[in-house]
Ligand code: UD1
């Protein structure tokens, strides 16, 4: 298995371009199943999760032609309605094909995703919403079996602002008869991106990005060309990487309006950040201050940057208090950071991070995408050497992370 070997201590300096957003590309790819024409999707990150979704679309019957950061997806002549466990277990977002399949085929059989390192992660809200739209659902042998005589618009209230449930229900509702309202909907930029893509295909979706999304069903959707938004989590990860090394970095292809929560926190810590258009300039500072961070649905601080900011907090002046309010088990990285010399105490869903002067290299293990990114950030300053194993998790969410870091001057190499 591949590993990263890092020698910390270099300031990150220079300029890189941020890739397209994984969490926008995946639902957009699933949404192409609703189309009757070819779709061309651009700014798609070259990632393992994207390849998994391509494989799922092919399993369902679509043709997927892959170019450099571009996908051409040709709709299936006839769709298969089953997505097996072997695919879903490697990527939970596979469950996003459930909404499009039930909508187009009136039936679907998709494996239940199960838990993962960061929590139990049920899909009850996806299923409750689909039932409200008129699907009958049963769980059999670990699979969701859904069928309908035709979906009908409904008013759906989500008990929790779930990103995946909002996306699945938007997709299911686009071809339903009548109007659907999703209340307490998730407001993440990736949801707005999905709605913009579907509207480009001829859907009628209003108010994506607000609490109540309105979807008026249409009889069919046509093919469309679309460019995926930049990845705010990748951008945030590199901003934190720059901050921890006291470097100076320019990030291109970013949407500063999607990054307000992380920009505000880093500024509070003492990092200088300037943005203009699609560019962000980050300048670190050797004396960063502790902060309080609480993860929340968008526009709050994203849970997907919580592990990375914990790495940064571990070398800031004072005690940072980091509360994880989205996932129940998202502190696995804390144990690995402690092995690198961080002083972290966990009480329930809160981590008290007492800043130490520096981190020591160690052999550590990535347990999920963002926990892996947190270890890479720690490895940027840890001396003499950090070895990170299970980096396949990192590859699921970061396109060529080590090459981008090398461009910025980091000492990181991948060994097989
Ligand atoms: C998406 C992102 C993931 C991010 C997360 C939260 C993708 C592919 N993944 O995951 O990177 O960390 O949003 O921003 O976009 N929940 C339920 N029942 C449900 C669904 C969710 O209780 O049916 C709970 C979850 O357990 C969790 C919370 O709701 O505690 C938020 O989860 P959700 O927004 O659904 O996350 P994902 O869509 O899986």
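Numbering (this note's numbering), first residue to last: 790 to 1205. The beta-carbon is built from N, C-alpha and C at its ideal position, and this holds for glycine as well.
Check: residue i C-beta below 6 angstroms from any heavy atom of ligand 1
i, result
"residue 952", "yes"
"residue 847", "no"
"residue 915", "yes"
"residue 1084", "no"
"residue 911", "yes"
"residue 949", "yes"
"residue 1092", "yes"
"residue 812", "yes"
"residue 815", "yes"
"residue 1115", "yes"
"residue 882", "yes"
Whole-number beta carbon distance between residue j and residue i, since they are thought to touch under 8 angstroms
i, j, result
"residue 1112", "residue 1150", "Not a contact, Cβ separation roughly 29 angstroms."
"residue 884", "residue 902", "5 angstroms"
"residue 792", "residue 1180", "6 angstroms"
"residue 876", "residue 851", "About 14 angstroms; that fails the 8 angstroms criterion."
"residue 914", "residue 933", "Their Cβ separation, rounded to whole angstroms, is 13 angstroms, which puts residue 914 and residue 933 out of contact at 8 angstroms."
"residue 1171", "residue 1129", "5 angstroms"
Option nearest residue i by Cα separation, candidates the options
i, options, result
"residue 1083", "836, 1092 and 1135", "1092"
"residue 955", "1096, 813 and 1012", "813"
"residue 1070", "791, 1037 and 1085", "1037"
"residue 1049", "852, 1094, 851 and 906", "1094"
"residue 907", "982, 968, 1117 and 1143", "1117"
"residue 1080", "1096, 1086 and 1058", "1058"
"residue 1078", "1046, 1104, 1090 and 970", "1104"
"residue 997", "963, 1008 and 933", "963"
"residue 810", "820, 979 and 918", "979"
"residue 1131", "1145, 1035 and 1002", "1145"
"residue 1136", "1128, 1148, 1119 and 1147", "1119"
"residue 893", "1056, 882, 864 and 1074", "864"
"residue 983", "965, 1001 and 953", "953"
"residue 1139", "1088, 1148, 1160 and 1115", "1115"
Proximity test, residue i beta-carbon vs ligand 3 heavy atom, cut-off 6 angstroms
i, result
"residue 1018", "With respect to ligand 3, the structure shown offers nothing to examine, as its ligands consist of ligand 1."
So does the stretch 1147 to 1162 actually touch the stretch 1191 to 1198, counting three or more Cβ pairs closer than 8 angstroms?
Cβ pair count under 8 angstroms is below three, so no.
Could you say if the stretch 857 to 872 and the stretch 1113 to 1131 meet the contact criterion of at least three C-beta pairs nearer than 8 angstroms?
The stretch 857 to 872 is not in contact with the stretch 1113 to 1131.
Inter-stretch contact at 8 angstroms, needing at least 3 Cβ pairs: the stretch 983 to 1000 / the stretch 1012 to 1019
Yes, the stretch 983 to 1000 touches the stretch 1012 to 1019.
Do the stretch 1096 to 1109 and the stretch 887 to 901 make contact, defined as three or more Cβ pairs closer than 8 angstroms?
With a cut-off of 8 angstroms on Cβ pairs, the stretch 1096 to 1109 is not in contact with the stretch 887 to 901, counting fewer than three such pairs.
Cβ contact (3+ pairs, closer than 8 angstroms) linking the stretch 857 to 867 and the stretch 819 to 832
Touching, yes.
Could you tell me whether the stretch 916 to 923 touches the stretch 933 to 947, where touching means 3 or more Cβ pairs closer than 8 angstroms?
Yes, since at least three Cβ pairs between the stretch 916 to 923 and the stretch 933 to 947 fall closer than 8 angstroms, the two stretches touch.
Under 8 angstroms: do the stretch 998 to 1007 and the stretch 1016 to 1035 share three or more Cβ pairs, one atom per stretch?
Not touching, per the Cβ criterion.
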